Amino acid sequence: MRQSGLIRPDGVPEKVEEDVLEFDVLVEIPKGERNKYEVDHESGRLRLDRMLFTSTAYPADYGFIENTLGQDGDPLDALVILQAPTFPGCLIACRAIGMFRMTDEAGGDDKVLCVPAHDPRLEHLRDINHVSKYDRLEIQHFFEVYKDLEPGKSVEGADWVGRVEAEAEVHASFERFKTEGHGNDLDNIADESLGEDS
1 MRQSGLIRPD
11 GVPEKVEEDV
21 LEFDVLVEIP
31 KGERNKYEVD
41 HESGRLRLDR
51 MLFTSTAYPA
61 DYGFIENTLG
71 QDGDPLDALV
81 ILQAPTFPGC
91 LIACRAIGMF
101 RMTDEAGGDD
111 KVLCVPAHDP
121 RLEHLRDINH
131 VSKYDRLEIQ
141 HFFEVYKDLE
151 PGKSVEGADW
161 VGRVEAEAEV
171 HASFERFKTE
181 GHGNDLDNIA
191 DESLGEDS
């Protein structure tokens, strides 16, 4: 049975049944897109960063886990396996089933592979080995080549790890977010929305 709540006000993720970590993923790029959208964290709006230089398209809905800070200084990246693509700005309650460890020109750039936390059609996907070999190869191939034609960009050191390692990195990213002082960001936004007169 699911415990109430996803993320507490202090940014700490809640646990659900079977001690599985649940968290929110904000979709920036739907599956099949070549446009790379990114959330502008100053305005909260979506910005078109670029169209991919290669002829590849995103193999799954792509975005980030809210209230996290990855090794590259950005929110921790996530891919969500779905029956059909969603849309930029869609928030999905997810659980991790694995992680694609990779390094780009800026350093560590891990991608957590997720499924919707309460979709019974994907309940059988519990760990990375439950994802078909060819689906994993498709995702791996995309991230190995999608920057090939972009000057000054590169990808190397790619490998898959399982759910335990993925959840450990999610936890570490929540801690980085709090340690770097971002834990009060939501409070600051709330204060600003109330206005100076309150």
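Numbering of the sequence shown is given in full-length UniProt numbering, commencing with residue 1 and proceeding in unit increments.
Ideal Cβ placement from N, Cα and C applies to all residues, glycine included.
All values derive from a computational prediction rather than experimental measurement.
Exposed unless 16 or more other CB atoms sit within 10 angstroms - verdict on residue i
i, result
"Asp159", "exposed"
"Glu66", "buried"
"Lys153", "exposed"
"Arg95", "buried"
"Lys111", "buried"
"Phe87", "exposed"
"Tyr134", "exposed"
"Ala166", "buried"
"Leu137", "exposed"
Pairwise C-alpha distance: residue j and residue i
i, j, result
"Glu38", "Ile29", "8 Å"
"Glu180", "Gly44", "20 Å"
"Lys178", "Leu113", "23 Å"
"Lys147", "Asp74", "18 Å"
"Arg176", "Asp109", "15 Å"
"Ile139", "Ile81", "11 Å"
"Thr103", "Asp72", "9 Å"
"Phe64", "Leu91", "10 Å"
"His130", "Pro116", "15 Å"
"Val27", "Lys36", "11 Å"
According to DSSP, residues forming a beta bridge with residue i
i, result
"Glu167", "According to DSSP, which records beta bridges pairwise, Glu167 is partnered with nothing at all."
"Glu38", "Arg47"
"Lys111", "Asp77 and Phe100"
"Ala93", "Asp24"
"Pro116", "Cys94"
"residue 202", "This structure gives no information on residue 202, because the portion of the chain shown stretches from 1 to 198."
Whole-angstrom C-beta distance between residue j and residue i, which should lie under 8 Å
i, j, result
"Ile97", "Arg163", "5 Å"
"Ala93", "Asp49", "Contact doesn't hold; Cβ gap of about 26 Å is too wide."
"Glu169", "Met99", "6 Å"
"Asp61", "Gly70", "With a Cβ gap of about 18 Å, Asp61 and Gly70 do not count as contacting."
"Phe142", "Pro59", "5 Å"
"Val161", "Arg101", "6 Å"
Residue-level contact to chain B via CB, residue i, 8 Å cutoff
i, result
"Ala60", "Among the chains of the structure shown, chain B does not appear; only one protein chain is present."
Closer than 7 Å: residue i CB and nearest the ligand SAH heavy atom
i, result
"Leu21", "The ligand SAH is not part of this structure, which contains no ligands at all."
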